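Chains as they are written, first to last, in the numbering used here: chain A, 3 to 130; chain B, 409 to 494.
Listed below in structure tokens is the structure:
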């Protein structure tokens, strides 16, 4: 149990360092989101799991498992929201981008997206 | 010993995220950097809780995770120019 905890801690530390370096080095917001996900899921979640395994107490393991699951499920939601906001209001894509699949969708000028609008979009896509 | 080394590495990674949050040319860059920073600080809190054998650190980390998530969502909805809905 202790050995597994230490291994997870070291993997998590290395991953969080890699993610932070990527956050500095990568060119635009979307690439930085990718590096941020490495730092959070590969770094923070794994470190929390390893720390929970290291301690003997049951409540410690339970609480750290709850925190790890919470981060694991909320980070994609937050990243998606940030990416959408960056695409709508942000600085645009890096000059090295080769492909932008939603460039012709014009999501910047969409009205308030209700369920009906989304259904209409899906139907339009299906007809195409 | 390994716990303290891991804690130091996580704090160094957080410092690098802070550099991006200060320098980042646009607002979404800063939001991404602060989101990563808060997750790393949660991990640091849990490691500290194991080191001191104190469960109170885990409760603080759980509440901090909740607040960081809500803050990220609110800021990104604000950037989209929408009502946050409060």
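Don't be surprised by glycine CBs; every beta carbon is placed ideally from N, CA and C. The structure displayed is predicted, hence computed values, not measured ones.
Sort the options by Cα distance to residue i and report the nearest one.
{"i": "residue 4/A", "options": "104/A, 51/A, 96/A", "result": "51/A"}
{"i": "residue 488/B", "options": "435/B, 430/B, 417/B, 419/B", "result": "435/B"}
Specify the secondary structure class of residue i as computed by DSSP and reduced to three states.
{"i": "residue 104/A", "result": "coil"}
{"i": "residue 29/A", "result": "coil"}
{"i": "residue 185/A", "result": "Because chain A is modelled from 3 through 130, residue 185/A falls outside the range shown and cannot be assessed."}
{"i": "residue 432/B", "result": "coil"}
{"i": "residue 14/A", "result": "helix"}
How should residue i be labelled, buried or exposed, when 16 other C-beta atoms within 10 angstroms of its C-beta is the threshold for buried?
{"i": "residue 101/A", "result": "exposed"}
{"i": "residue 478/B", "result": "exposed"}
{"i": "residue 124/A", "result": "exposed"}
{"i": "residue 25/A", "result": "buried"}
{"i": "residue 430/B", "result": "exposed"}
Along chain B, in chain order, which residues have C-beta atoms closer than 7 Å to that of residue i?
{"i": "residue 22/A", "result": "421, 424, 425"}
{"i": "residue 87/A", "result": "436, 484, 487, 488"}
Can you list the residues of chain A that residue i reaches, using a CB-CB cut of under 8 Å?
{"i": "residue 450/B", "result": "46, 50, 69, 73"}
{"i": "residue 470/B", "result": "65, 68, 69, 72"}
{"i": "residue 481/B", "result": "79, 80, 83"}
Going along chain B, which residues have a C-beta under 8 Å from residue i?
{"i": "residue 18/A", "result": "417, 418, 421, 448, 451"}
Using a cut-off of 9 Å between C-beta atoms, extract the partners of residue i located in chain A.
{"i": "residue 412/B", "result": "None at all; the shortest Cβ gap to chain A is about 11 Å."}
Chain B contacts made by the stretch 53-72 of chain A, where a contact means CB separation under 7 Å = 53, 56, 57, 61, 62, 65, 66, 68, 69, 72
Using a Cβ cut-off of 7 Å, which residues of the stretch 453-468 of chain B contact any Cβ in chain A, in chain order?
-> 454, 455, 458, 463, 466
Taking a cut of 8 Å between CB atoms, which residues from the stretch 426-445 of chain B lie near chain A?
-> 427, 428, 433, 434, 435, 436, 437, 439, 440, 441, 443, 444
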